[in-house]
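Going by the numbering used here, the sequence shown opens with residue 57, and the numbers climb by one from there. We put the CB at the ideal spot given by N, CA and C, even for glycine. For clarity, every value in this text was computed on a predicted model and none was experimentally measured. One structure is given below, encoded as structure tokens.
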Amino acid sequence: DNYLRVSGWTIAMLGVIAGFAMAADFVSSLFGTKVAGASKWAMAGAAVGTLVGIFFGLPGLLLGPFIGAMGAELIYRENLGQATKAGLGAWLGLVLGTAAKMAALFTMLGVFASAWWFFD
57 DNYLRVSGWT
67 IAMLGVIAGF
77 AMAADFVSSL
87 FGTKVAGASK
97 WAMAGAAVGT
107 LVGIFFGLPG
117 LLLGPFIGAM
127 GAELIYRENL
137 GQATKAGLGA
147 WLGLVLGTAA
157 KMAALFTMLG
167 VFASAWWFFD
């Protein structure tokens, strides 16, 4: 429609919300490991696990942060219990990040739909 219904401001707002959704993946896993009392190595492992997991589809996305945080914590502290706690914290962070991304998705749909229908 040559930007008659959906303005450039709406597109910019959708871009900002999309940026938030992308950042939620990385920040949530880091936050989960921090809450679990993990080391900075586990936080870095969760981030690397997330990045590597992207290339392995859904199983990689689900297991990547857990394996990355657990592996890094196991190397750093050599304590299986703490490493498992760090991995679970990263996984819980991933779940919370997914919830944040779903909220961003529905917000984007609402912004776009309201711009399309109400601002003729």
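If you run the structure through DSSP and keep just helix, strand and coil, what is residue i?
i	result
A100	helix
R133	helix
G93	coil
Pull up the distance between the alpha-carbon of residue i and that of residue j, whole angstroms please.
i	j	result
V72	T140	35 Å
I131	G88	19 Å
K90	G64	38 Å
One question on the structure: do residue i and residue j come within less than 7 Å of each other, judged by their Cβ atoms?
i	j	result
S84	L152	yes
G127	G109	no
Comparing C-alpha positions only, which one of the options sits nearest to residue i?
i	options	result
A103	L86, M126 and A169	L86
A100	M158, L150 and F82	F82
M78	A92, L107, K96 and A94	L107
Shorter than 7 Å from the beta carbon of residue i to some beta carbon of chain D?
i	result
V72	Of the chains in the structure shown, none is chain D; there is only one protein chain.
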